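Protein chains in written order, with our numbering: chain A, 220 to 504; chain B, 321 to 478.
The beta-carbon is built from N, C-alpha and C at its ideal position, and this holds for glycine as well.
For clarity, every value in this text was computed on a predicted model and none was experimentally measured.
See below for the structure under consideration.
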Amino acid sequence: MKPAPFIRHVPKTLDEAVKILAQVAPQDGRVLAGGQSLVPIMAFRLAKPAHLVDINEIDGLDRIASDGTTLSIGACVRHGAFHKSVVGNPLGALLTFVARHIAHYPIRMRGTFCGSLAHADPSSEWCLTAATLDATIVARSTRGERPIPAREFFAGIMSTALAEDELLAEVRLPLLSPDTKFGFNEFSRRAGDFAMSAALVTYRLQGGKIAEARVGVGGAEPFPRRIAQAEAALNGQPPGDKAFRAAAEAAANAVEAMEDHQTSAEYRRDLVRAVVRRALEHSNR
Amino acid sequence: MTEKSSITLTINGRDHAIKVEARRTLADAIREDCGQTGTHIGCEHGVCGACTVIVDGEPVRSCLMFAAQAAGKQIRTVEGLAKGDTLHPMQQAFMDHHGLQCGFCTPGFLMLAVGVLEREPDISDDDLIDVLSSNLCRCTGYQNIIKAVRAAAKEMRK
Ligand SMILES: Cc1cc2nc3c(=O)[nH]c(=O)nc-3n(C[C@H](O)[C@H](O)[C@H](O)COP(=O)(O)OP(=O)(O)OC[C@H]3O[C@@H](n4cnc5c(N)ncnc54)[C@H](O)[C@@H]3O)c2cc1C
Ligand code: FES
Ligand code: FES
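Structure representation (structure tokens):
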């Protein structure tokens with residue numbers, strides 16, 4: 220299984236990249252980032268792009284920067300960059316914990332954070348992170364820069380708000396308050412496989428009660444999202460089995476679980492209940 | 321056919337001037353164009369890890385990179401591990417601990433383990449298991465691979 224022929228463009232600047240993308244996008248031109256999703260799809264001939272705009276040789280796209288309120292992640296920042304904490308904030312530890320669940324070590328050396336968002340697999344850990352933390356996704360084109368809130372970014376299975384000539388230049392994640400607790404859990408059949416369900420939770424404790432709860436669920440619906448019903452079940456409650464079970468139940472009831480040839484919606488709903496509860500237990504360590 | 325471009329791949333310190341189409345994967349170029357057939361190809365879509373090589377110090381799947389993307393970078397393959405007749409500690413450990421049977425997966429496991437241990441010499445035994453879950457082996461049942469890599473890790477830290 221070999222990819223079909225294509226022309227590779229190797230821009231040296233972001234400006235050059237969006238210019239080329241604007242020209243080739245109408246002829247099935249695409250961005251090539253880490254290639255860890257695109258190349259397999261091309262090998263299967265599920266995609267036969269005529270042009271690839273390879274962004275790997277653009278200087279500065281591997282930049283991770285924090286301005287005290289936001290963490291900016293450039294288009295060529297690899298998953299492996301998060302193996303160690305990238306910022307002295309609970310967000311750094313959260314990203315390190317989540318990154319370990321993405322694929323395998325060699326794939327994490329190449330695959331990018333932004334590429335994961337552009338690819339928008341329903342099970343993607345980074346898509347779940349972006350949805351749960353309300354990231355801002357920055358799209359660049361010859362028409363300029365467009366910030367897109369995460370809740371408007373995901374549009375369906377592997378479908379996003381990016382226009383065909385838009386390059387995902389950067390993702391911005393809000394830094395968390397220093398007392399933020401987080402928990403993550405996913406279920407997959409084999410180590411490194413895509414998760415069948417995953418949950419990411421964050422909250423603060425105020426006077427021993429949960430506040431500002433965020434409960435994100437991925438892998439169960441066409442794209443990840445925060446589950447308001449589960450968050451409501453947590454806020455104002457002391458952390459512990461009772462609140463965690465109530466939130467897990469609320470999440471399981473709220474999702475419209477996908478079905479496929481291997482798993483029924485009912486099974487996926489059970490998984491949601493389990494991963495939300497386990498993520499909450501993980502947060503309470 | 322599309323146009324071929326001239327590139328130079330540096331494999332184990334030796335330059336190979338080759339002409340490849342843009343769609344040529346690094347794995348195919350290493351084997352077919354540079355004649356270094358120690359790197360194996362199993363699935364061609366990133367799942368098995370047989371094609372793992374080290375590019376600029378990072379273990380990567382060579383079936384998921386295009387050859388042209390590796391031009392100018394330092395590529396290391398299984399052929400570069402031994403120094404003359406002296407096996408690399410990782411190769412020796414695979415022999416000593418029976419870390420291979422048919423050997424098809426072995427070059428990939430060797431480059432994966434060497435690549436990770438050179439980057440993270442003090443990686444824990446638990447994390448090593450996670451790393452080794454990256455690649456598939458249909459023969460050994462993994463236990464002897466894990467033993468071999470742990471033994472080599474001790475040796476490489478000396
Ligand atoms: C065996 C295996 C297991 C995996 N397991 C997981 C897993 O458990 N969880 C997970 O999340 N992922 C997994 N992946 C996928 C991996 O994380 C990819 O790295 C990721 O999905 C895509 O990132 P990339 O940089 O490799 O993008 P590419 O493969 O280069 O691109 C993917 C798509 O996004 C578009 N794109 C990429 N970057 C941009 C950009 N900056 N602007 C506009 N469009 C862009 C491309 O045009 C393409 O359509 C796995 C992959 C493999 C091979
Ligand atoms: S051949 Fe590259 S991962 Fe299987
Ligand atoms: S030794 Fe045969 S596949 Fe691993």
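So who's on the other strand from residue i, going by DSSP bridges?
{"i": "residue 379(B)", "result": "374(B)"}
{"i": "residue 222(A)", "result": "Paired residue(s): none; residue 222(A) is not in a bridge."}
{"i": "residue 449(B)", "result": "In DSSP, residue 449(B) forms no bridge with anything."}
{"i": "residue 399(B)", "result": "DSSP output for residue 399(B) lists no bridge partner at all."}
{"i": "residue 335(B)", "result": "330(B)"}
{"i": "residue 422(A)", "result": "400(A)"}
{"i": "residue 482(A)", "result": "Answer by DSSP bridge pairing: none, since residue 482(A) is not bridged."}
{"i": "residue 437(A)", "result": "417(A)"}
{"i": "residue 250(A)", "result": "272(A)"}
{"i": "residue 323(A)", "result": "None; residue 323(A) has no bridge partner."}
{"i": "residue 389(A)", "result": "293(A) and 357(A)"}
{"i": "residue 379(A)", "result": "373(A)"}
{"i": "residue 444(B)", "result": "Answer by DSSP bridge pairing: none, since residue 444(B) is not bridged."}
{"i": "residue 445(A)", "result": "435(A)"}
{"i": "residue 386(B)", "result": "345(B)"}
{"i": "residue 316(A)", "result": "DSSP, once it has assigned bridges, lists no residue as partnering residue 316(A)."}
{"i": "residue 364(A)", "result": "359(A)"}
{"i": "residue 228(A)", "result": "272(A)"}
{"i": "residue 283(A)", "result": "292(A)"}
{"i": "residue 433(B)", "result": "Its beta-bridge partners do not exist; DSSP assigns none."}
{"i": "residue 325(B)", "result": "340(B)"}
List the whole-angstrom C-beta distance separating residue i from residue j, where the pair is believed to meet the contact cut-off of C-beta under 8 Å.
{"i": "residue 325(A)", "j": "residue 432(B)", "result": "6 Å"}
{"i": "residue 387(B)", "j": "residue 345(B)", "result": "7 Å"}
{"i": "residue 429(A)", "j": "residue 448(A)", "result": "Contact doesn't hold; Cβ gap of about 15 Å is too wide."}
{"i": "residue 405(A)", "j": "residue 320(A)", "result": "6 Å"}
{"i": "residue 334(A)", "j": "residue 437(A)", "result": "That pair is no contact at about 17 Å."}
{"i": "residue 376(A)", "j": "residue 441(A)", "result": "5 Å"}
{"i": "residue 343(B)", "j": "residue 223(A)", "result": "7 Å"}
{"i": "residue 352(A)", "j": "residue 294(A)", "result": "With 8 Å as the limit, residue 352(A) and residue 294(A) do not qualify as a contact, their Cβ atoms being about 19 Å apart."}
{"i": "residue 290(A)", "j": "residue 394(A)", "result": "6 Å"}
{"i": "residue 369(B)", "j": "residue 456(B)", "result": "6 Å"}
{"i": "residue 358(A)", "j": "residue 367(A)", "result": "6 Å"}
{"i": "residue 250(A)", "j": "residue 283(A)", "result": "Not really, about 19 Å apart at Cβ, beyond 8 Å."}
{"i": "residue 255(A)", "j": "residue 366(B)", "result": "6 Å"}
{"i": "residue 296(A)", "j": "residue 331(A)", "result": "6 Å"}
Whose C-alpha, out of the options, is nearest the C-alpha of residue i?
{"i": "residue 475(B)", "options": "459(B), 408(B), 358(B) and 377(B)", "result": "408(B)"}
{"i": "residue 278(A)", "options": "247(A), 388(A), 270(A) and 361(A)", "result": "388(A)"}
{"i": "residue 470(A)", "options": "352(A), 418(A) and 378(A)", "result": "418(A)"}
{"i": "residue 354(B)", "options": "334(B), 361(B) and 343(B)", "result": "334(B)"}
{"i": "residue 480(B)", "options": "461(B), 443(B), 328(B) and 429(B)", "result": "A query on residue 480(B) cannot be resolved here, the shown segment of chain B reaching from 321 to 478 and no further."}
{"i": "residue 375(B)", "options": "473(B), 365(B), 392(B) and 360(B)", "result": "392(B)"}
{"i": "residue 322(A)", "options": "452(B), 416(B), 402(B) and 427(B)", "result": "452(B)"}
{"i": "residue 460(A)", "options": "446(A), 220(A), 477(A) and 493(A)", "result": "493(A)"}
{"i": "residue 463(A)", "options": "500(A), 475(A) and 315(A)", "result": "500(A)"}
{"i": "residue 382(A)", "options": "230(A), 237(A) and 480(A)", "result": "237(A)"}
{"i": "residue 370(A)", "options": "446(A), 361(A) and 330(A)", "result": "446(A)"}
{"i": "residue 350(B)", "options": "323(B), 400(B) and 322(B)", "result": "400(B)"}
{"i": "residue 414(A)", "options": "347(A), 422(A) and 432(A)", "result": "347(A)"}
{"i": "residue 400(A)", "options": "452(A), 485(A), 310(A) and 339(A)", "result": "310(A)"}
{"i": "residue 477(A)", "options": "261(A), 341(A) and 427(A)", "result": "341(A)"}
{"i": "residue 486(A)", "options": "439(A), 497(A) and 496(A)", "result": "439(A)"}
{"i": "residue 221(A)", "options": "257(A), 302(A), 453(A) and 292(A)", "result": "257(A)"}
{"i": "residue 381(B)", "options": "411(B), 337(B), 434(B) and 347(B)", "result": "347(B)"}
{"i": "residue 496(A)", "options": "328(A), 402(A) and 262(A)", "result": "402(A)"}
{"i": "residue 287(A)", "options": "230(A), 296(A), 308(A) and 427(A)", "result": "308(A)"}
{"i": "residue 240(A)", "options": "271(A), 285(A), 304(A) and 490(A)", "result": "271(A)"}
List, in chain order, every chain D residue whose beta-carbon is nearer than 9 Å to that of residue i.
{"i": "residue 377(A)", "result": "Note that chain D does not occur in the displayed structure, where the protein chains are A and B."}
- request: Can you list the residues near ligand 2, meaning Cβ strictly closer than 7 Å to any non-hydrogen atom, in the order they appear in the chain?
  value: 347(B), 361(B), 362(B), 363(B), 364(B), 365(B), 366(B), 367(B), 368(B), 369(B), 370(B), 371(B), 381(B), 382(B), 383(B) and 384(B)
task: Closer than 7 Å, Cβ to Cβ, to anything on chain B: give me those residues from the region 383 to 416 of chain A, in chain order.
output: 410 and 411
task: Would you list, in chain order, the members of the region 378 to 392 of chain B that have their beta-carbon closer than 9 Å to a beta-carbon of chain A?
output: 378, 379, 380, 381, 383, 384, 385, 386, 388 and 389
message: Any residue with its Cβ nearer than 7 Å to a heavy atom of ligand 3 should be included. What is that list in chain order?
response: 420(B), 421(B), 422(B), 423(B), 424(B), 425(B), 426(B), 457(B), 458(B), 459(B) and 460(B)
- prompt: Between the region 454 to 476 of chain B and chain A, which residues of the former have CB atoms less than 7 Å from a CB of the latter, in chain order?
  reply: 454
- prompt: For the region 258 to 270 of chain A, which residues have a CB atom closer than 9 Å to at least one CB atom of chain B, in sequence order?
  reply: 258, 259, 260, 261, 262 and 263
message: Output needed in chain order: residues of the region 325 to 351 of chain B with a Cβ under 7 Å from some Cβ in chain A.
response: 341, 342 and 343
message: To be precise: take each residue of the region 270 to 292 of chain A, compare its Cβ to all Cβ atoms of chain B, and keep it if any distance is under 8 Å. Which residues remain?
response: 271, 273 and 275
query: Just by C-beta distance, which residues in the region 242 to 255 of chain A are closer than 9 Å to chain B?
result: 251, 253, 254 and 255
Chain B contacts made by the region 225 to 237 of chain A, where a contact means CB separation under 7 Å: 225, 226 and 227
Cβ-based contacts, 8 Å cut-off: residues of the region 328 to 352 of chain A near chain B: 328 and 329
message: To be precise: take each residue of the region 430 to 442 of chain B, compare its Cβ to all Cβ atoms of chain A, and keep it if any distance is under 8 Å. Which residues remain?
response: 432, 435 and 436
query: Taking a cut of 7 Å between CB atoms, which residues from the region 392 to 410 of chain B lie near chain A?
result: none
- prompt: What residues in the region 351 to 368 of chain B bring their beta carbon closer than 7 Å to a beta carbon of chain A?
  reply: 364, 365 and 366
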